[in-house]
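To keep things clear, I will list the structure first and then write my remarks on it.
Protein chains: 2
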Amino acid sequence: MTTRRERLREATVREIQEAARQQLRANGPGGISLRAIARDMGMTAPALYRYYASLDDLVRAMIEEYKDEIGVALETARDSVPADDLGGRLAAAARAFRRWALDHPPEFTMVFGAPPPGYEPREDGGVPSTGGFGGIFFALMAELWQRERFPVPADEDIPAELRGHLQHFAASCGLDRAGLPLGLIRLFAGCWVRLYGLVAMEAFGHVHFMLDDAEPLFEAELADMAASLGIGPLLPPGHSPSASAAQNAAS
Amino acid sequence: MTTRRERLREATVREIQEAARQQLRANGPGGISLRAIARDMGMTAPALYRYYASLDDLVRAMIEEYKDEIGVALETARDSVPADDLGGRLAAAARAFRRWALDHPPEFTMVFGAPPPGYEPREDGGVPSTGGFGGIFFALMAELWQRERFPVPADEDIPAELRGHLQHFAASCGLDRAGLPLGLIRLFAGCWVRLYGLVAMEAFGHVHFMLDDAEPLFEAELADMAASLGIGPLLPPGHSPSASAAQNAAS
DNA sequence: CACTTGAGTGAACGCCGTTAACGTGAACAC
DNA sequence: GTGTTCACGTTAACGGCGTTCACTCAAGTG
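Quick note, the sequences are listed as chains P and X, same order. Counted from 1, the first sequence has number 174 at position 174 by the UniProt record's numbering; the numbering is strictly sequential. Counted from 1, the second sequence has number 113 at position 113 by the UniProt record's numbering; the numbering is strictly sequential.
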């Protein structure tokens with residue numbers, strides 16, 4: 001059971017995180033200061049050392065929190081599409097990834113930008129930490145492949161060196177004997193890199209030199225990736241599952 | 001002509017940049033401090049205000065310097081391959097991009113990571129700044145297409161909304177009447193995003209969850225992109241043009 | 001020569017992270 | 001009920017930071 005002390009402590013931790021996030025939004029990463037957080041909370045800075053060993057520690061905790069947040073955002077988006085529409089689920093998760101990044105640029109930067117100098121991601125969550133999101137996409141891809149058997153690169157078509165690394169990755173994930181072809185993992189890696197590139201470029205503002213609105217490019221690339229996974233034309237984004245179902249029925 | 005004062009000033013500016021870069025390498029972005037720079041130079045911090053209006057200003061100058069550096073690295077790599085081997089030139093530039101990122105992680109972070117809060121890229125260099133690198137790749141792709149006429153998406157196959165944005169981009173670059181199909185620009189955008197994704201993910205350490213060495217994936221994706229541009233099998237990297245020519249002749 | 005001007009200094013202000021020594025009150029053991 | 005513990009919070013202080021201001025001083029200019 002949870003004692004009263006523990007509840008108070010939990011509440012304080014959350015209040016610290018909220019104040020820290022407010023500063024993050026206002027000043028970007030690097031603009032987070034223990035003294036300002038304490039000031040916002042009506043406390044003094046040294047008190048925060050009862051909760052975090054250092055500013056770096058707080059920053060690390062923030063990163064982990066945002067990772068979890070992205071994870072639930074992706075899962076929520078995925079689960080908002082009927083379980084039999086795997087292509088729709090994949091698209092929904094990908095769009096949710098982009099949406100979260102655009103809605104939370106500094107948080108996205110902390111999670112998916114360059115990590116702070118001494119940062120080591122936690123490994124305890126069961127899923128490999130940064131790859132956890134990738135894991136969501138991979139699980140969908142694997143399920144889709146098992147149902148549709150869309151074509152994937154043959155083992156011989158994967159360069160030998162890459163094949164070795166992919167095998168090692170599959171083994172470390174326990175995918176050894178899941179009956180999934182190596183080409184599927186190869187395809188996943190390519191898609192994940194493309195998705196990351198699209199979203200990171202846009203979130204970091206590196207796409208403005210060619211497009212002031214990157215959404216059409218995102219949608220086009222998403223459609224291309226979907227096609228390479230044997231998924232038919234995607235519904236346009238921004239429709240709730242019931243809405244898109246209605247639209248489907250109406251057309 | 002350049003007066004003596006100007007030469008001294010120039011030398012000091014360069015010394016500041018070198019000290020700043022040393023700190024960048026040692027402590028990462030965010031670990032750059034005017035006082036430490038001045039200390040390294042045997043000066044006091046306020047003296048630096050004769051050269052830069054603020055720390056942010058110095059940081060901005062560093063970013064621009066590294067952008068230029070990447071640009072010449074790409075051009076050098078490109079020009080180390082015979083001008084008629086456009087596929088080889090593209091591959092060389094792409095590999096140089098990755099190589100530079102891996103050899104200069106904090107510099108890469110400053111240029112291609114999230115920009116500091118108030119940062120606006122300069123526009124004076126003739127080419128749009130961040131896109132200047134993309135411009136190197138695009139010029140090669142355009143030349144290759146004019147020579148080989150490899151297949152590109154037809155205008156009708158580009159979603160209408162994206163088509164509009166690509167047209168706007170082409171117009172703003174003066175590519176209106178260059179006779180290049182819109183599909184080529186579409187292809188370029190996709191390739192540039194993939195290249196960015198590959199390199200940024202690796203430089204920021206976000207590939208380690210699946211691969212401890214990302215080079216095979218990079219090479220495989222590079223080969224895929226080359227194939228989509230009608231380029232035949234690529235020579236393995238790490239060969240000087242003469243060496244690869246010799247190897248070619250020997251095989 | 002006198003005079004301007006640009007480079008550099010020292011002191012100071014208000015931030016910052018972090019540490020140490022010190023209260024204080026609630027939880028707990030007897 | 002009383003004594004003890006201990007987590008939570010305080011103040012004071014150290015050194016480092018960006019930045020400003022008043023100042024010196026030597027190099028360049030007429």
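By construction, the Cβ of each residue, glycine as well, lies at the ideal position given by its N, Cα and C atoms.
Contact set for P/Leu-217: own chain, Cβ-Cβ below 8 angstroms, skip 5 residues either direction:
The residue given as residue 217 of chain P occupies position 217 in the first sequence. These residues qualify, in order along the chain: Leu-198, Val-207 and Leu-211.
Chain X beta carbons: is any one of them nearer than 8 angstroms to that of P/Met-210?
The residue you call residue 210 of chain P lines up with position 210 of the first sequence. Yes, because at least one Cβ of chain X sits closer than 8 angstroms to the Cβ of P/Met-210.
In or out: P/Glu-10 buried (at least 16 other Cβ within 10 Å) or exposed?
Indexing the first sequence from 1 puts residue 10 of chain P at position 10. So P/Glu-10 ends up on the exposed side.
Scan the segment 190-205 of chain P for residues whose Cβ lies nearer than 7 angstroms to a Cβ of chain X and list them as they occur along the chain.
Only those residues of the segment 190-205 of chain P whose C-beta falls short of 7 angstroms from the nearest C-beta of chain X are listed: Gly-190, Val-193, Arg-194, Tyr-196, Gly-197, Leu-198, Ala-200, Met-201, Phe-204 and Gly-205.
Backbone CA spacing between X/Arg-7 and X/Arg-14 [nearest angstrom]
Working through the second sequence from its first residue, we reach residue 7 of chain X at position 7. Working through the second sequence from its first residue, we reach residue 14 of chain X at position 14. Taking the straight line joining both Cα atoms gives about 11 angstroms.
Quick check: the segment 176-187 of chain X against the segment 75-92 of chain X, are there 3 or more CB pairs under 8 angstroms?
Not touching, per the Cβ criterion.
Taking the alpha helix (DSSP H) that P/Asp-103 belongs to, which residues open and close that run?
As a working note, residue 103 of chain P is residue 103 in the first sequence. Counting along the chain, the alpha helix (DSSP H) containing P/Asp-103 begins and ends at 86-103.
Suppose the cutoff is 7 angstroms on Cβ atoms and the five residues either side in sequence are ignored; what does the same chain contact list for X/Ile-37 look like?
Reading the second sequence from its first residue, position 37 is the one you call residue 37 of chain X. For X/Ile-37, same chain residues with a beta-carbon under 7 angstroms away, outside a window of 5 residues either side, are Ile-16, Ala-19, Ala-20, Gln-23 and Leu-48 in chain order.
Assuming contact is defined by CB atoms lying nearer than 8 angstroms, are P/Arg-95 and P/Ala-77 in contact in what I supplied?
The residue you call residue 95 of chain P lines up with position 95 of the first sequence. The residue you call residue 77 of chain P lines up with position 77 of the first sequence. In this structure, P/Ala-77 lies closer than 8 angstroms to P/Arg-95 by Cβ.
Using a Cβ cut-off of 8 angstroms (strictly closer), state whether P/Asp-68 contacts chain X.
Residue mapping note: residue 68 of chain P aligns to position 68 of the first sequence, counting from 1. By this cut-off, P/Asp-68 is not an interface position.
Where does P/Ile-136 fall in DSSP's three states?
In the first sequence, counting from the first residue as 1, residue 136 of chain P sits at position 136. Reduced to three states, the DSSP call for P/Ile-136 is helix.
Neighbourhood of X/Ala-101 by C-beta, 6 angstroms cutoff - its chain only, sequence neighbours within 5 removed:
The count along the second sequence starts at 1 and reaches residue 101 of chain X at position 101. Around X/Ala-101: Phe-108, Val-199 and Ala-203.
My output table needs one value for X/Ser-69: the three-state DSSP class, helix, strand or coil.
Within the second sequence, the letter at position 69 stands for residue 69 of chain X. It is Glu, not Ser, that sits at residue 69 of chain X in the sequence shown. When secondary structure is reduced to three states using DSSP, X/Glu-69 falls in the helix class.
According to DSSP, is X/Tyr-49 helix, strand or coil?
Within the second sequence, the letter at position 49 stands for residue 49 of chain X. Helix, per DSSP.
Residue nearest to X/Arg-25 in terms of C-alpha spacing, selected from X/Ile-70, X/Val-72, X/Gly-42 and X/Asp-103
If you number the second sequence from 1, residue 25 of chain X lands on position 25. Nearest in C-alpha terms to X/Arg-25, of all of X/Ile-70, X/Val-72, X/Gly-42 and X/Asp-103, is X/Asp-103.
Rounded Cβ spacing between X/Gly-113 and P/Ala-61 (contact assumed at less than 8 angstroms):
Within the second sequence, numbered from 1, the residue matching residue 113 of chain X stands at position 113. Within the first sequence, numbered from 1, the residue matching residue 61 of chain P stands at position 61. The beta carbons of X/Gly-113 and P/Ala-61 sit about 21 angstroms from each other, so the pair does not count as a contact at 8 angstroms.
Hey, is X/Asp-213's beta-carbon within less than 8 angstroms of any beta-carbon in chain P?
Residue 213 of chain X sits at position 213 when you count from the first residue of the second sequence. Chain P, which has a Cβ nearer than 8 angstroms to the Cβ of X/Asp-213, makes this yes.
Whole angstroms is fine: what's the gap from P/Val-127's alpha carbon to X/His-168's?
The sequence position of residue 127 of chain P within the first sequence is 127, counting from 1. The sequence position of residue 168 of chain X within the second sequence is 168, counting from 1. Confidence at P/Val-127 is low in this model, with a pLDDT of 48, below 50, so the placement of that residue should be treated as unreliable; the coordinate-derived value is given next. Each residue's alpha carbon lies about 43 angstroms from the other.
Is it the case that the Cβ atoms of X/Pro-29 and P/Asn-27 are separated by a distance below 8 angstroms?
Counting from 1 along the second sequence, the entry for residue 29 of chain X is found at position 29. Counting from 1 along the first sequence, the entry for residue 27 of chain P is found at position 27. Contact flag unset, no.
Determine the closest residue to P/Val-193 out of P/Leu-86, P/Tyr-52 and P/Met-225, with distance taken between C-alpha atoms.
Residue 193 of chain P sits at position 193 when you count from the first residue of the first sequence. When only C-alpha atoms are compared, the closest one is P/Met-225.
Our contact map puts P/Phe-133 next to P/Gly-71 with C-beta atoms below 8 angstroms; I'd like the distance itself, whole angstroms only.
Stepping through the first sequence from its first residue, residue 133 of chain P is reached at position 133. Stepping through the first sequence from its first residue, residue 71 of chain P is reached at position 71. About 6 angstroms; that satisfies the 8 angstroms criterion.
What residue does the alpha helix (DSSP H) around X/Phe-169 start on, and which one ends it?
Your numbering for residue 169 of chain X matches position 169 in the second sequence. Unbroken alpha helix (DSSP H) run through X/Phe-169: 160-172.
P/Gly-232 versus P/Ala-160, P/Asp-213 and P/Phe-150, residue with shortest Cα-Cα distance:
For the purposes of this step, residue 232 of chain P is taken as residue 232 along the first sequence, with counting starting at 1. When C-alpha distances from P/Gly-232 are compared across P/Ala-160, P/Asp-213 and P/Phe-150, the shortest belongs to P/Phe-150.
Would you report the Cα separation of P/Ala-214 and P/Gly-230, rounded to the nearest angstrom?
Taking the first sequence and counting its residues from 1, the one referred to as residue 214 of chain P is at position 214. Taking the first sequence and counting its residues from 1, the one referred to as residue 230 of chain P is at position 230. The straight-line gap from Cα to Cα measures roughly 24 angstroms.
CA-CA distance, X/Gly-164 and P/Glu-221?
One-based indexing of the second sequence puts residue 164 of chain X at position 164. One-based indexing of the first sequence puts residue 221 of chain P at position 221. Near 16 angstroms, if we compare the C-alpha coordinates of P/Glu-221 and X/Gly-164.
Distance between P/Arg-5 and X/Met-201 (C-alpha atoms, nearest Å)
Along the second sequence, read from residue 1 onward, the residue named residue 201 of chain X stands at position 201. Along the first sequence, read from residue 1 onward, the residue named residue 5 of chain P stands at position 5. Rounded to whole angstroms, X/Met-201 and P/Arg-5 show a C-alpha spacing of 42 angstroms.
Can you tell me whether P/Glu-156 is buried or exposed? The criterion is at least 16 other CB atoms within 10 Å of its CB, across all chains shown.
Counting from one through the first sequence, the residue named residue 156 of chain P turns up at place 156. Under the 10 Å beta carbon count, P/Glu-156 is surrounded by fewer than 16 other beta carbons and is classified as exposed.
Same chain only: Cβ atoms within 6 angstroms of P/Leu-234, ignoring 5 sequence neighbours per side
If you number the first sequence from 1, residue 234 of chain P lands on position 234. When the five nearest sequence neighbours on each side are left out, the beta carbons in the same chain lying within less than 6 angstroms of the beta carbon of P/Leu-234 are those of Ala-91, Ala-223 and Ala-226, in order along the chain.
So, under 8 angstroms CB-CB, P/Leu-184 and P/Val-152 are touching, yes? Tell me the CB distance rounded to an integer number of Å.
On the first sequence, residue 184 of chain P is found 184 positions in, with the first residue counted as 1. On the first sequence, residue 152 of chain P is found 152 positions in, with the first residue counted as 1. The C-beta distance from P/Leu-184 to P/Val-152 rounds to 5 angstroms, short enough to meet the 8 angstroms contact threshold.
Where the alpha helix (DSSP H) containing P/Arg-9 begins and where it ends:
The residue labelled residue 9 of chain P in the question sits at position 9 within the first sequence. That run of the alpha helix (DSSP H) goes 4-27.
Within the same chain, show all residues whose beta-carbon is closer than 6 angstroms to that of P/Ala-45, passing over the 5 residues directly before and after it, in chain order.
Residue mapping note: residue 45 of chain P aligns to position 45 of the first sequence, counting from 1. Cβ neighbours of P/Ala-45 within its own chain (closer than 6 angstroms, five residues either side excluded): Leu-34, Arg-35 and Ala-38.
Can you tell me which of P/Gly-174, P/Gln-146, P/Phe-138 and P/Leu-187 puts its alpha carbon nearest to the alpha carbon of P/Leu-162?
Here residue 162 of chain P corresponds to residue number 162 of the first sequence, with the count starting at 1. When only C-alpha atoms are compared, the closest one is P/Leu-187.
To the nearest angstrom, how far is the alpha carbon of X/Cys-173 from that of X/Glu-69?
Position 173 of the second sequence holds residue 173 of chain X. Position 69 of the second sequence holds residue 69 of chain X. Note on geometry: alpha-carbon atoms of X/Cys-173 and X/Glu-69 lie some 23 angstroms from one another.
Interface partners of P/Gly-230 on chain X, CB under 7 angstroms
Translated into the one-based positions of the first sequence, residue 230 of chain P becomes position 230. Near P/Gly-230 there are no residues of chain X at all, since even the closest Cβ is about 18 angstroms away, more than 7 angstroms.
Is P/His-165 close to chain X, meaning its C-beta is less than 8 angstroms from at least one C-beta of that chain?
Your numbering for residue 165 of chain P matches position 165 in the first sequence. Yes, its Cβ sits closer than 8 angstroms to a Cβ of chain X.
Along the segment 81-114 of chain P, where does the CB come closer than 7 angstroms to a CB of chain X? Name the residues.
Cβ contacts with chain X: Thr-109, Phe-112, Gly-113 and Ala-114.
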